[in-house]
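Working notes, structure below.
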Amino acid sequence: MNPKAVSPILLLLAWESAVRLGLLDSRIVAPPTLIAVELWNITRSGELLGALGVSLMRAALGFFIAAVVGIALGALMARVRIAEAVFDPLIELLRPVSPLALFPLFMLWFGIGETPKILIIAFACAFPIILNTYAGVRSIDPTFVRAARSLGASPSEIMRTVILPATLPSMFTGLRISWGIALIVIVAAEMVGAVRGIGYMVLYAQQTFQVELVFGGIVVIGLVGFLTDAGFRLARRKLLPWYRELSE
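Shown next as structure tokens:
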């Protein structure tokens, strides 16, 4: 057995035993077996896949917007002093603001449809991408850039062959962090202003005292985060084999 699987299995066994023995109130803490049954039921009915598809679509769109804007802005700030002087104070001013504090304003400005949810995710995800891209570009040894320029490389070639490869590890770190933030924010946003999605499903289950479904939604969110982060790590190993070798 994989050693990494031992602790989760022990946790599930202890959890199940505590509920069955009456150490935990089953009305507020559902046992893993009942959670599994509930997840199977809503999977067969299509409810889970429908809610999950809506949530992932919103999260992916917001994440994509944040990635495009964040990478471009982070690289621009790192390479152009005026851009850094203009945007850095704004970023540091907005970065500590909770996205959920802005969500009512986004609903007021953009309505109650999909747009405010997608934009609030983009807002929340952009900052780690900007900062990690900025740090990656600034960490490049200027000697490499000067050497490429002295060999006749054009600005676009320097960007493609020097700056981008050196910055990719930091970009991947920012993207991984931001995707986790996207999953957190979309669930919270759906609890506030949605009638579909995993967040709404968990909220509805809580309001109707369906404890198994509440825990089931939490499990699904955790699994999605775990599997997608594994996908990011796999992509990094494929795209940056040299980085893996250095890190190992």
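Note that the working numbering has the sequence shown beginning at 1133, numbered continuously upward.
Glycine is no exception: its CB is placed at the ideal position from the N, C-alpha and C atoms.
Treat the numbers as computed from the prediction; the structure is a model and nothing was measured.
| query | result |
| --- | --- |
| Nearest-angstrom Cα separation, counted from S1310 out to G1194 | 10 Å |
| Own chain partners of L1315 with C-beta closer than 7 Å, once the 5 adjacent residues on each side are dropped | A1191, I1353, V1356 and G1357 |
| Outcome for G1154 when other beta-carbon atoms lying within 10 angstroms are tallied against a minimum of 16 | exposed |
| Distance, F1304 Cα to L1366 Cα | 11 Å |
| C-alpha distance - I1244 paired with G1325, whole-angstrom precision | 7 Å |
| With 16 other Cβ atoms within 10 Å as the buried cut-off, status of K1249 | buried |
| Under the three-state DSSP convention, the category L1296 falls into | helix |
| Start-to-end residues for the alpha helix (DSSP H) that takes in L1205 | E1179 to R1211 |
| Assumed close pair R1176, V1343 - CB separation to whole angstroms, cut-off 8 Å | No, R1176 and V1343 are not in contact; Cβ-Cβ is about 20 Å, not under 8 Å. |
| Spatial neighbours of S1187 in its chain, beta-carbon cut-off 6 Å, leaving aside the 5 residues before and after | I1318, G1329 and I1330 |
| Where A1321 falls, given that 16 or more other Cβ within 10 Å makes a residue buried | buried |
| Three-way DSSP call (helix, strand, coil) for T1340 in this model | coil |
| Minimum length 4: unbroken alpha helix (DSSP H) runs contained in the stretch 1244 to 1293 | 1246 to 1270, 1274 to 1282 and 1287 to 1290 |
| C-beta contact flag for L1307 and I1261 at 8 Å | yes |
| Backbone secondary structure at R1369 - three-state DSSP | helix |
| Residues of its chain near T1234, where Cβ-Cβ distance is below 8 Å and the 5 sequence neighbours each way are ignored | Note on residue identity: the sequence assigns Leu, not Thr, to residue 1234. So the qualifying residues of the chain are I1252 and F1255. |
| G1348 beta carbon less than 8 Å from that of L1171 | yes |
| Beta-carbon proximity of E1148 to P1163, cut-off 8 Å | yes |
| Closest Cα partner of V1229 within the set M1209, F1259 and W1241 | F1259 |
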